[in-house]
Amino acid sequence: MKLSRYLCAWLAALVFSAAAYALDSTEIRNLVDGLDAPVTLRDGSMVPAVNFDNAATTPAFKAVLSEILEQSKYYASIGRGTGQKSKHTTELYEKYRGDVLAFFNANPDKYAVIYVANTTDGMNRLSMMLLEKPDDLVLTTRMEHHANDLPWRFRGKTIYADVDAMGRLNVEDLERLLIANRGKVKYVTVSAASNATGYINDVHRIAKIAHRHGAKIVVDGAQIASHRKFSITGADPSEDIDYFVFSAHKMYAPFGGGAIIGLKSEFDRIRPVVLGGGNVQVVSDATVAFDNEMPTRHDAGSPNYFGVIAMQKAMELLSRNIGFDYIEQHERILMRKGLDELKGMDDIILYGDSEKIDDRVGILLFNIKGMEAAEVAEELAEMRGIAVRTGAFCSHPYAARLMGISDKELSATGSGAVFPRMIRASFGVYNTEEELDILIATLKEIIARNKTAGN
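Using the working numbering, read the sequence shown as starting at 9 and increasing by one per residue.
See the structure below:
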């Protein structure tokens, strides 16, 4: 007899729900590798780097590196070997699919895991798997990373829900488009959290809307996975997420790991898009019979075993050793302090809502009046070893909207072209208020120098 959906969800969550230790900021920093590694400044002095580019990638947990070294002693062929080491690696590789499902509270009777290299890889694979005809209609949004836009745009037809003046997703516009294209939209694909502003979307509400109009939902989980506890299972079946994709390199496991979590029934039906050894039963001169079982049906070639090992260890540390309650509280402290400091500086331009931050993960988005974003970033690095990110963050249409740049200006060429460039400071679980103080003090110094030079 199958367990109820609620009991299944509870059992899945239990695996990663052990109470986190009461770690202080020093102990948490001690979990992360490389934070004391010095970098050379413009004046030749050396200081520990301050990394505020975590939305791009995070440093590795020390335990992740240790686990890689330990498991390398037993590394061997996965899935087809008969030796003891091969059996060991195969057992862990398959077992950790269940750990991925548990981490995201996904019922193993309903969902399966396909390992991928990163979110971009996962979205490209999904678009190839799910879109069957060039005119298949996909509804996405103007706040998406290119990885959750271009794969759909070039394999099907895309329409876009817009954002409001603050940059939040306009869910009413999304439903309007579903109604206007009644029954034609096959998939709604949306980010759980923006990589540019950090806004968190209510994807379970969006799932309910999508399902009501006959569409399935795909969620880009790249920016949510290490910031908030995320459940694929909704309050009721209409709110369940159909497909979820994430990257481990944003979860303190930079070894090329990631996964698609999706409907097992659909994966069983869809022909594999990555072909080769490992996912076929028999190949003759004229015929190919694919493996009928998940997940090997979509597992061609030699897998990234160490990416999977690193991903599982990082998930364990985030849930058991640190805890998402702490992560959320810690980010809000840094966000509130950072925004309050930046708002008090006349030459700072802030993007996104600087008052209501409950629906934002730890990202500050800003510019300095009269200075190019790249120039500011270079000064931060050369003066104090501070790493930030500049540009449009692989979200050009969204960045243009935030900066008030029209699509005509964005798509122009030559001297008429206008490209959105902002500065993004994104927080990791290990960042401290002291590091934020260094950023603020350095920005004030840059602004003062710029004013003096202007006079």
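A virtual CB, placed ideally from N, CA and C, is assigned to each residue, including glycine.
The structure presented is a predicted model; accordingly, all values stated were derived computationally and were not measured.
Please report the distance separating the alpha-carbon of residue i from that of residue j.
i	j	result
ALA223	SER246	11 Å
ASP117	LYS192	29 Å
LEU177	MET323	28 Å
VAL369	HIS235	7 Å
THR97	GLY286	15 Å
ILE365	THR149	21 Å
ALA45	ARG279	47 Å
ASP445	LEU451	10 Å
GLY346	ILE448	8 Å
ALA233	THR34	23 Å
ARG184	VAL198	16 Å
GLU441	ARG37	13 Å
VAL121	LYS216	23 Å
ILE225	VAL179	14 Å
SER292	GLU301	20 Å
LEU22	VAL426	In this prediction, LEU22 has a pLDDT of 49, which is less than 50 and means its spatial position is unreliable; nothing more can be read from the coordinates.
HIS221	SER403	27 Å
ASP354	THR460	15 Å
GLY52	GLN79	40 Å
So, using beta-carbon positions, are residue i and residue j closer together than 7 Å?
i	j	result
PHE374	ASN203	no
VAL58	GLU443	yes
GLY164	LEU186	no
TYR313	ALA68	no
GLY436	ASN115	no
ILE371	GLU75	no
PHE254	GLY229	yes
THR128	LYS258	no
VAL108	ALA267	yes
ALA201	VAL211	no
Comparing C-alpha positions only, which one of the options sits nearest to residue i?
i	options	result
ARG397	MET391, GLU383 and ILE356	GLU383
GLY424	ALA433, SER434, ILE431 and ILE413	ILE413
MET131	LYS165, TYR359, LEU158 and SER53	LEU158
GLU380	PRO311, ASP361, ARG220 and ILE454	ILE454
THR304	SER419, THR127, ALA218 and LYS272	LYS272
MET54	ALA389, SER403 and GLY265	ALA389
ILE167	ALA155, ALA188, GLY175 and ASN329	ALA188
LYS377	ARG190, GLY462, THR421 and ASP250	GLY462
GLY42	ALA71, GLU78 and ASP51	ALA71
GLN231	GLY309, ASP367 and PHE427	ASP367
ILE1	THR66, PHE263 and ALA308	Absent from the model: residue 1. The displayed extent of the chain is 9 to 463, so no value can be given.
ASP250	ARG409, VAL281, THR460 and ILE214	ILE214
ASN209	TYR195, VAL227 and VAL146	VAL227
ILE394	ASN439, ASP248 and LYS416	ASN439
TRP160	MET174, LYS194 and ASP181	LYS194
ARG429	GLY422, ARG392, TYR359 and LYS459	TYR359
Residue i by DSSP, collapsed to three states: which one?
i	result
GLY315	helix
PHE238	coil
PRO405	helix
LEU388	helix
ILE214	helix
THR127	helix
PHE254	strand
ILE268	strand
MET411	helix
ILE122	strand
ASN59	strand
ARG50	coil
TYR438	coil
ARG161	helix
ASN458	helix
In the DSSP assignment, what residue or residues form a beta bridge with residue i?
i	result
GLY229	None, per the DSSP bridge assignment.
ALA201	ILE208
PHE298	VAL288
MET430	GLY399
VAL179	DSSP, once it has assigned bridges, lists no residue as partnering VAL179.
ILE330	Paired residues: none, contrary to the question.
THR148	TYR168
Within 7 Å (strictly less), CB to CB, does residue i reach chain B?
i	result
HIS235	Protein chain content of the structure displayed is limited to a single chain, and chain B is not contained in it.
Going by the C-beta, is residue i closer than 6 Å to any heavy atom of the ligand FAD?
i	result
GLY89	Here there are no bound small molecules, and the ligand FAD is not part of this structure.
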